[in-house]
Amino acid sequence: MDWANQGTAMANLTINGKTFTLDVEPDTPLLWAIRENAGLTGTKYGCGIAQCGACTVHIDGVASRSCGVSVSEAEGKKITTIEGLGSRDALHKVQEAWIAQDVPQCGYCQSGMIMAVAALLSEKPKPTDADIDEAITNICRCGTFQQVREAIHTIASA
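Under my numbering, the residue at position 141 of the sequence shown is numbered 343, and the numbers go up by one with no gaps.
Below you can see the structure in the form of structure tokens.
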């Protein structure tokens with residue numbers, strides 16, 4: 203589907219500190235507005251039912267599954283995608299740990315996983331295994347959950 207030409211309403215979204223005026227319907231999933239209309243493709247489509255976490259972004263600092271949030275619900279809020287978490291010259295500490303711990307295999311789910319972990323660490327800088335189990339419910343079909351946990355503990359102990 204060509205989402206770029208579907209909308210008849212305008213939405214103003216603040217994504218990674220920039221304002222985007224997008225021609226989308228109010229009930230358009232935020233994921234599609236981010237990917238197809240704003241052109242930020244780091245946020246991935248996984249399941250479309252807010253279960254897998256591949257589409258995780260931060261909305262006002264809270265890890266949120268963007269496929270389950272409508273554009274109208276996101277208007278007026280600060281949205282951060284993987285592209286806005288760090289920069290090429292200054293990676294976020296989670297991105298650095300991912301590289302150091304060699305976390306990703308296929309990598310498809312990793313932008314959502316990184317966003318979920320960054321939100322957890324901003325709320326709980328030294329999470330327990332129980333905290334990790336409760337907060338990080340993203341699905342990784344490659345099974346890199348142990349590497350994710352190790353990366354989280356590496357950051358927490360730094």
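The beta carbon of each residue, even a glycine, is placed where N, CA and C say it ideally should be.
I'd like to check one pair, residue j with residue i: are the Cβ atoms closer than 7 Å?
i	j	result
Ala337	Leu323	no
Gln307	Thr346	yes
Asp229	Met212	no
Ala265	Ala318	yes
If you draw a straight line from the alpha carbon of residue i to that of residue j, how long is it in whole angstroms?
i	j	result
Arg357	Gln349	The sequence as given places Ile at residue 357; Arg does not occur at that position. Approximately 12 Å, taken between the alpha carbons.
Gly209	Ser274	The predicted position of Gly209 is uncertain, since its pLDDT is 47 and thus under 50; a value taken from the coordinates is nonetheless stated next. Distance between the alpha carbons of Gly209 and Ser274: 13 Å.
Thr216	Ile316	20 Å
His355	Lys328	8 Å
Gly219	Gly263	13 Å
Asn340	Leu233	16 Å
Cys269	Gly250	6 Å
Glu298	Phe222	29 Å
Trp205	Val271	With a pLDDT of only 46 at Trp205, under the threshold of 50, the placement of this residue in the model should not be trusted; the figure read from the coordinates follows. Their backbone Cα atoms lie some 16 Å apart in a straight line.
Met203	Ile261	Because the pLDDT at Met203 is just 40, under 50, the model does not fix this residue reliably, and the value given afterwards should be weighed accordingly. Taking the straight line from one Cα to the other gives about 26 Å.
Ile301	Lys295	10 Å
Gly314	Glu227	24 Å
Lys280	Asp304	30 Å
At which residues does the alpha helix (DSSP H) containing residue i begin and terminate?
i	result
Val350	347-359
Lys220	Per DSSP, Lys220 belongs to no alpha helix (DSSP H); it is in the beta strand (DSSP E), 220-225.
Leu322	312-325
Ile301	295-302
Ile334	331-337
Residue i lies in the beta strand (DSSP E); which residues open and close that run?
i	result
Leu242	Premise fails: Leu242 is in no beta strand (DSSP E) and is neither H nor E.
Val264	264-267
Val259	258-261
Quick one, which of the options has its alpha-carbon nearest residue i's?
i	options	result
Gly286	Thr245, Asp304, Asn239, Ala353	Thr245
Ile284	Gly241, Thr230, Ala213, Leu224	Gly241
Asp331	Gly278, Arg343, Glu352	Glu352
- Message: Three or more C-beta pairs under 8 Å: does that hold for the region 290-298 against the region 238-258?
- Response: no
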